[in-house]
Ligand code: NAP
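In the working numbering, the protein residues as written are 319 to 637.
Structure, rendered in structure tokens:
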């Protein structure tokens, strides 16, 4: 009988399905990430674990747990940069993720950030809430018109393409993208040779690459210096893809017009410098935060867990 560990409370539909598939389940009630000792224990005591963002299964954790009982880490989420997948593989642990289930919801949050930043929605809302609004007039709180502008997408994968489609079909925008491989796309888009070429032409630079060692700090001062002064920087991917200090510096000197952020380098710590700037929209990692999306992610993760523990090939294996 397989023993499984779910590292967070999950929607009821997901728990019901998990109970149908597994007889011995432990659901951790805390919402904070696992501590290192809890991760070692998870590898040693359970056949399968369903971890998520913040559960840092590093090489050190695998090194400390020889011959782990755990055979699968079925991650809840498409991004798995918190798991050292090579170390997992060396320890005989399969890792899976939940691609696709998150795509539209995360693209919607990118659009929310584009619109909120360009149209000063956060700033306007704060004004009204503070009781300081003096009434409409022709030059009040003028923002950047979004329709017809150019979006530059860094990482034209599932989410990047869903953002691009929304920008093209919904807002008549030109699409430029930067990606390692050429993409076959069902909408018009041009591929930039370099990140700086993309930065030079985009009115909105949107980051949609995975996190991890390859993309760590791939965006820094040179990109912000290459952007138009009127442009906005949007990140829905992972915080550490961006050198946060460089972003703050660019915003503080007015090198770029503003930013819309769902993720942060040292999440959940958000620097005061970002919190005090009116032209920065900051969301608490809301990308997939809709019940049906979290249900779909959870069901996918549970099916991956079940396949791996039944000796079948899990549908969404990443290592
Ligand atoms: P995906 O389909 O794998 O797309 C990632 C894209 O990035 C691919 O097109 C990949 O293409 C490109 N890429 C990878 N490394 C690159 C590099 N060094 N330079 C340029 N392009 C690179 O993944 P997805 O489903 O769209 O998800 C993307 C990421 O979004 C996830 O990994 C996750 O971290 C993040 N995310 C955030 C939230 C949120 O709540 N805010 C929700 C879901 C996902 P090539 O390999 O050809 O370069």
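Where is the CB? At the ideal position from N, CA and C, for every residue including glycine.
Inter-residue spacing [alpha-carbon to alpha-carbon] between residue i and residue j
i: residue 406; j: residue 377; result: 8 Å
i: residue 329; j: residue 424; result: 19 Å
i: residue 418; j: residue 340; result: 25 Å
i: residue 613; j: residue 332; result: 6 Å
i: residue 634; j: residue 394; result: 11 Å
i: residue 471; j: residue 569; result: 20 Å
i: residue 347; j: residue 368; result: 13 Å
i: residue 599; j: residue 439; result: 9 Å
i: residue 459; j: residue 403; result: 47 Å
i: residue 373; j: residue 355; result: 11 Å
i: residue 549; j: residue 580; result: 18 Å
i: residue 358; j: residue 544; result: 45 Å
i: residue 604; j: residue 464; result: 22 Å
i: residue 441; j: residue 430; result: 14 Å
i: residue 516; j: residue 397; result: 24 Å
i: residue 327; j: residue 349; result: 7 Å
i: residue 427; j: residue 322; result: 32 Å
i: residue 479; j: residue 607; result: 20 Å
i: residue 410; j: residue 540; result: 41 Å
i: residue 520; j: residue 468; result: 5 Å
i: residue 379; j: residue 628; result: 25 Å
i: residue 498; j: residue 486; result: 22 Å
i: residue 514; j: residue 435; result: 22 Å
i: residue 259; j: residue 572; result: Coverage of the chain is limited to positions 319 through 637, which leaves residue 259 absent and any answer about it impossible.
i: residue 351; j: residue 585; result: 12 Å
i: residue 593; j: residue 344; result: 38 Å
i: residue 342; j: residue 432; result: 45 Å
Element boundaries [alpha helix (DSSP H), containing residue i]
i: residue 439; result: 439–447
i: residue 321; result: Element bounds for residue 321: not the alpha helix (DSSP H) but the beta strand (DSSP E), 321–324.
i: residue 618; result: 609–627
i: residue 434; result: 421–436
i: residue 462; result: Careful: residue 462 lies outside any alpha helix (DSSP H) and carries neither H nor E.
i: residue 630; result: Premise fails: residue 630 is in no alpha helix (DSSP H) and is neither H nor E.
i: residue 606; result: Taken as a continuous stretch (DSSP letters only), residue 606 belongs to no alpha helix (DSSP H), as it is neither H nor E.
i: residue 339; result: 330–339
i: residue 476; result: 476–483
C-beta atoms of residue i and residue j nearer than 8 Å
i: residue 412; j: residue 602; result: no
i: residue 510; j: residue 494; result: yes
i: residue 528; j: residue 562; result: no
i: residue 264; j: residue 618; result: For the chain, the structure presents residues 319 to 637; residue 264 sits outside this window and is missing.
i: residue 565; j: residue 575; result: no
i: residue 536; j: residue 501; result: no
i: residue 453; j: residue 490; result: no
i: residue 532; j: residue 558; result: no
Bridge partner(s) assigned by DSSP for residue i
i: residue 588; result: For residue 588, which the question treats as bridged, DSSP gives no partner whatsoever.
i: residue 582; result: Answer is none; residue 582 lacks a bridge partner.
i: residue 403; result: Note: residue 403 sits in no beta bridge, so no partner.
i: residue 413; result: 391
i: residue 635; result: 414
Limits of the beta strand (DSSP E) - the one that residue i falls within
i: residue 394; result: Unbroken run through residue 394: none, as it is neither H nor E.
i: residue 471; result: 468–472
i: residue 366; result: 366–368
i: residue 598; result: 598–600
Within-8 Å CB hit, residue i to chain B
i: residue 575; result: Structure shown: chain B not included; a single protein chain is present.
Uninterrupted beta strand (DSSP E) stretches inside the stretch 547–577 (no shorter than 3 residues): 550–553
4-residue-minimum alpha helix (DSSP H) runs that sit fully inside the stretch 494–557, ordered along the chain: 513–519, 539–544
Complete runs of the alpha helix (DSSP H) confined to the stretch 342–392 [at least 4 residues]: 354–363, 377–382
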